[in-house]
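Quick notes on the structure that follows.
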Amino acid sequence: MGSISVVGVLVTILALCCVIPSLATDYTVGDSSGWTTSYDYSTWTSGKTFAIGDNLVFDYAGGHSVDEVTPSDYNSCSVGNSLSTDSSGSTKITLKTPGTHYFICGAYGHCSSGMKLAVTVAGGEESTTPSTSTNPLITSPTTTTASSYTNSSPSTLSPPIAILFTCLAVFKFILLLS
Ligand code: CU1
Numbered sequence: 001m002g003s004i005s006v007v008g009v010l011v012t013i014l015a016l017c018c019v020i021p022s023l024a025t026d027y028t029v030g031d032s033s034g035w036t037t038s039y040d041y042s043t044w045t046s047g048k049t050f051a052i053g054d055n056l057v058f059d060y061a062g063g064h065s066v067d068e069v070t071p072s073d074y075n076s077c078s079v080g081n082s083l084s085t086d087s088s089g090s091t092k093i094t095l096k097t098p099g100t101h102y103f104i105c106g107a108y109g110h111c112s113s114g115m116k117l118a119v120t121v122a123g124g125e126e127s128t129t130p131s132t133s134t135n136p137l138i139t140s141p142t143t144t145t146a147s148s149y150t151n152s153s154p155s156t157l158s159p160p161i162a163i164l165f166t167c168l169a170v171f172k173f174i175l176l177l178s
């Protein structure tokens with residue numbers, strides 16, 4: 001009695017545990033306003049958490065561009081030294097590395113009119129080997145400097161796996177009771 005539904009719930013939770021950490025989010029910069037002058041992009045970024053693998057989607061009319069720039073060029077609104085540039089009207093940028101990424105419009109005067117965006121990507125360690133970032137499960141910081149916990153087995157139990165084991169323990173308990 002009820003064993004099938006318990007298995008069904010267990011399978012559902014198993015699936016959720018596997019799927020949730022790998023979800024990447026597409027963020028439309030400026031939401032319905034898009035990439036334009038006279039918009040406060042620092043307000044837009046506040047309250048948002050950006051992760052490795054998320055995408056920034058810039059939608060804009062002609063005459064604008066999306067230039068990734070250095071922090072100093074971002075602060076001074078200097079154009080012409082961009083790390084990358086696109087003016088297709090719809091620019092999708094995948095956030096591949098942790099840290100802060102800086103974008104401005106390359107059209108003269110537009111950056112100082114508000115077309116500047118700084119996005120900080122969480123993800124902890126300043127790794128120079130991006131190969132580990134392909135695994136969505138390895139997003140929790142495991143650097144010794146970031147961890148002040150005195151855990152006897154650090155980094156062997158990722159959060160999704162811990163949730164999974166908790167789920168299994170709970171359902172074993174339920175099965176014993178029924
Ligand atoms: Cu512009």
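Just so we're aligned: the sequence shown equals residues 1 to 178 in the numbering used here.
Cβ atoms here follow ideal geometry from the backbone N, Cα and C, with glycine treated the same way.
{"Check": "Using CA coordinates, which residue listed in Gly-53, Gly-106, Leu-117 is at the minimum distance from Asp-26?", "Outcome": "Gly-53"}
{"Check": "Tell me which same chain residues have a C-beta within less than 8 Å of the C-beta of Tyr-108, skipping the five on either side of it?", "Outcome": "Val-79"}
{"Check": "Does the distance from the C-beta atom of Ala-118 to that of Tyr-60 stay below 9 Å?", "Outcome": "no"}
{"Check": "From the DSSP output, in three-state form, read off Asp-59 for me.", "Outcome": "strand"}
{"Check": "Within the present structure, is the beta-carbon of Tyr-41 separated from the nearest heavy atom of the ligand CU1 by less than 8 Å?", "Outcome": "no"}
{"Check": "When DSSP labels each residue in this structure, what does Ser-38 get in the three-state scheme?", "Outcome": "coil"}
{"Check": "Mind checking Leu-99: buried by the 16 CB within 10 Å criterion, or exposed?", "Outcome": "Correcting the residue type first, residue 99 is Gly in the shown sequence and not Leu. Flag for Gly-99 reads exposed."}
{"Check": "With hydrogens ignored, establish whether the beta-carbon of Tyr-60 is closer than 8 Å to any heavy atom of the ligand CU1.", "Outcome": "yes"}
{"Check": "If I measure Cβ to Cβ from Asn-81 and keep anything under 6 Å in the same chain, skipping five residues before and after, which residues do I get?", "Outcome": "Asp-73"}
{"Check": "Considering only DSSP beta bridges, list what Asp-67 is partnered with.", "Outcome": "Thr-85, Ile-104"}
{"Check": "So for Asp-26, helix, strand or coil by DSSP?", "Outcome": "strand"}
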